[in-house]
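Protein chains in written order, with the working numbering: chain Y, 1 to 263; chain U, 1001 to 1098. No residue lacks a Cβ here, since even glycine has one placed at the ideal position from N, Cα and C. All values reported here derive from a predicted model rather than from experimental measurement.
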Amino acid sequence: MWHLNPENYARRMYRDPRKKEEGPKGFPPEMAAQQLEAQAFMARNDEPEKFPEIREKVIELISKTHGGQVVTIQEVKQMIDIASPIALIGCVCRRMVRGKVEEKEEFTCMGLGVGMFKWDRWPERYKGGVEFVAPEEAKKWLEKWNKAGYVHTLMIFGLPYIGGICNCDYATCLAIRHRLDYDFTTMLLKGHYVAQVDPDICNGCGRCFGRCQFGALTKEVFENKANIDMMKCFGCGLCEQACARGAIKLVERETLPALADVW
Amino acid sequence: MCGEFALALPEMKPARAQIDIDASKCTTPMACTKCLNVCPQMVFHVMVLKQEKFKETDINEPGAYVIIPLHRWKCTLCNLCVDNCPVDAIKITLRGKN
């Protein structure tokens, strides 16, 4: 799995000179991506016939700059063991979407790697401060977020550099919204796993209901069991974590021929 | 349209809502955040207008932040934001024919 390669957390990846290069229209790639996204939103509002074409360009550009991928809590714990330093930060999406300024006790975002030293010095851009934590403490925070129902996603800052773990829900996460509302696929790729329900074990207790942010898990009313649409599943593992009977298992995406290349 | 078998892909339609936010009335949106939180469709988005190096932007400073109706195509014209705005800064009108 690519995100377990320590090289993808290295300082020289963070400082990759390609990030400063001029991209389309003379802007650095990340800024160009933001401008293109803004164009796509405007087109979606007023001239939807132009939207698909701009979307293709957005997908291509964000695949090289700032995108993400859904990961399970087990994967995040492995990533925490590789990356250093680890810091808690306030979620920038929630600030922009719901105007929610997170205080230190309620941080829901985690930064990984050397970038955090820079964020620490940049309060004008990364507001609310940076709280460095030890790996064990970071794992406790993760479990707290997982229990609350946040989807863990890794954040790429110039592929393949991994700079953070976002903890998201549909309503307040820009990555999930961009994927589900606008189909910017590279903004948030699906994870390496797909969830599957064992109908013989599931007793319809409902602990997993409401944990799916992607609209894949529903209650099958007639059978009184959980049902997961594997095509819609992003493989975050939140439902698996909630199941007390072990009725939901995560299958590797690559073992499913029709899903192996659906990201 | 293809007659009785019209179960085609949903067509992307332009936004029906025209949302105007009066920035002279809504000066400190981040200190209020009412429309951001009340909107069921999460149409609104905050933009930072003022960025000073090594300084966190004060949410109470007039004009430092602005609200934009970024995802206007999702608006259902339910008017919850209009009813809840404490300074009556939001105006929503229907675009196009009914």
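Measuring C-alpha to C-alpha distances from Cys-168(Y) to each of Gln-34(Y), Gln-241(Y) and Thr-108(Y) identifies Thr-108(Y) as the nearest.
Residues of the region 47–58 of chain Y whose Cβ lies closer than 9 Å to any Cβ of chain U, in chain order: Glu-47, Pro-48, Glu-49, Phe-51 and Pro-52. The beta carbon of Tyr-161(Y) lies closer than 7 Å to those of Asn-8, Met-13, Tyr-14 and Asp-16 in the same chain, with the five residues before and after it left out. Pairing Gly-99(Y) with Thr-1033(U) gives a Cβ-Cβ distance under 8 Å. Contact between the region 186–194 of chain Y and the region 206–213 of chain Y is absent: fewer than three C-beta pairs spanning the two stretches fall below 8 Å.
Leaving aside the five residues that flank Glu-220(Y) on each side, the residues in its chain whose CB is nearer than 6 Å to its CB run, in chain order, Asn-227. When rounded, the separation of the alpha-carbon atoms in Pro-6(Y) and Thr-153(Y) is 18 Å. In the displayed model, Glu-131(Y) falls within a strand according to three-state DSSP.
Nearest C-alpha to Thr-1057(U) among Arg-177(Y), Gly-129(Y), Phe-157(Y) and Phe-51(Y): Gly-129(Y). Going by DSSP, Glu-30(Y) is part of the alpha helix (DSSP H) stretching over 29–46. Tyr-161(Y) carries a coil assignment under DSSP once its states are collapsed to helix, strand and coil. Contact check for Ala-40(Y) against Ile-54(Y) passes: the beta carbons are separated by less than 8 Å. Residues of chain Y whose Cβ lies closer than 8 Å to the Cβ of Pro-1014(U) are, in chain order, Asn-45, Asp-46, Glu-47 and Pro-48. Minimum Cα-Cα distance from Glu-1061(U) among the listed residues Ile-1068(U), Pro-1069(U), Leu-1049(U) and His-1071(U) corresponds to Leu-1049(U).
A distance below 8 Å between beta-carbons, with the five flanking residues on each side excluded, links Gly-235(Y) to the following residues of its chain, in chain order: Val-70, Thr-72, Lys-190, Gly-191, His-192, Tyr-193, Val-194, Ala-195, Leu-250 and Arg-253.
Scanning chain Y for C-beta atoms nearer than 8 Å to the C-beta of Val-1087(U) yields nothing, as the closest lies near 15 Å away.
Met-96(Y) has a beta carbon lying within less than 8 Å of a beta carbon in chain U.
Uninterrupted beta strand (DSSP E) stretches at least 3 residues long and entirely within the region 162–193 of chain Y occur at 162–168, given in chain order. Taking 8 Å as the cut-off, the beta carbon of Leu-217(Y) is found closer than this to the beta carbon of Cys-239(Y).
Around the beta carbon of Arg-121(Y), fewer than 16 other beta carbons sit within 10 angstroms, so the residue counts as exposed.
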